[in-house]
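*Asks:* Next up is a structure, given as structure tokens.
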Amino acid sequence: MFKFFTFLFSRTIILFVAAFLLSHWLVDTERMKVKTINRVVPASMREMIEFSLSPKGKNPAVLKKYLLYFKTVAKILPRSAVAQAMVGYCHYYLGDVPKAQEFFNKAIKITPNFFWFHYDLGVIYFRQGLYPQAAQALEKAIACPPQETMVYLNMSKIYKGLDSEAAQLGYNTEKGLAEGYRNANEMLMLHRYHLSGSIKKDYWVQIF
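What follows is the structure, given as structure tokens:
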């Protein structure tokens, strides 16, 4: 009996030590992740917000620091659909369209019912003149329930931070989403005009 309790006690000690070491390792890992992100986090999202609200005529080079930040977050948190999409957004305006498409598709795989991921991908295709691909993406965007998109916007730490600063510049999240749905429908109509040979060649719409 004594040997049994000795064995049991030694096993308990081993499990306790293993649990302690594991928890300590997990804490250190989380700290390392936070430190890595903090090294590249921009002091403010202001420049990105200003650019996103009116990108025409502005220098996209301001997005380089944000690209570094979101790439770091996406690498450390690969299941963050928002981080993947923001990497795609930065790549698009910095001129790397294939990379933009790649990262928006990653975001869609993680969170398939979010309007803006499909919408932005649709706009990218539309701007390239790839109207069938654009129509497919835009139809998926319109099929996303706006309520689910609003819930996701309010749950995402990244989007909440961006929306908070955007609100200071007069942007309204719900109105912006409603405008997105209108734009998506308009682009689908233009796609149908394209099939009849009467699309407007100068149509321009930004991604968000």
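Numbered as in this note's numbering, the sequence shown ends at 258 without a single skipped number.
Just so it is clear, CB atoms sit at the ideal spot from N, CA and C, and this is done for glycine as well.
What residues in its chain sit with their C-beta under 6 Å from that of Leu134, if we drop five residues either side in the sequence?
*Replies:* Note that residue 134 is Gln in the sequence shown here, rather than Leu. If we look at Gln134 and ignore the five residues flanking it on each side, its Cβ neighbours are Ala124, Phe153, Lys156, Ala157.
*Asks:* Give me, in chain order, the residues of the same chain whose beta-carbon lies closer than 6 Å to that of Ala131; leave out the 5 immediate sequence neighbours on both sides.
*Replies:* Closer than 6 Å at Cβ, skipping near neighbours: Ala157, Ile160, Thr161.
*Asks:* Per DSSP, what kind of secondary structure is Tyr143 in: helix, strand or coil?
*Replies:* Three-state result, Tyr143: helix.
*Asks:* I need the DSSP call for Ser94, collapsed to helix, strand or coil.
*Replies:* Correct three-state label for Ser94: coil.
*Asks:* Below 8 Å, how does it come out for the region 99–119 and the region 134–148: are there three or more Cβ pairs, yes or no?
*Replies:* They touch, by the three-pair rule.
*Asks:* Write down every uninterrupted run of the alpha helix (DSSP H) in the region 133–210 whose length is 4 residues or greater and which is fully enclosed by it, in chain order.
*Replies:* For the region 133–210, whole alpha helix (DSSP H) runs of length 4 or above, ordered along the chain, are 147–160, 165–177, 181–193, 196–205.
*Asks:* What would DSSP say about Asn235, mapped onto helix, strand or coil?
*Replies:* Three-state DSSP puts Asn235 in a helix.
*Asks:* Kindly indicate the opening and closing residues of the alpha helix (DSSP H) around Lys108.
*Replies:* No alpha helix (DSSP H) contains Lys108, which DSSP labels as neither H nor E.
*Asks:* Since Ala187 and Gly172 should fall inside the 8 Å C-beta cutoff, what is the C-beta to C-beta distance between them, to a whole number of angstroms?
*Replies:* Confirmed, about 3 Å.
*Asks:* Between the Cα of Trp166 and the Cα atoms of Met239, Arg96, Thr122, Glu229, which residue gives the shortest distance?
*Replies:* Among Met239, Arg96, Thr122, Glu229, the Cα nearest to that of Trp166 is on Glu229.
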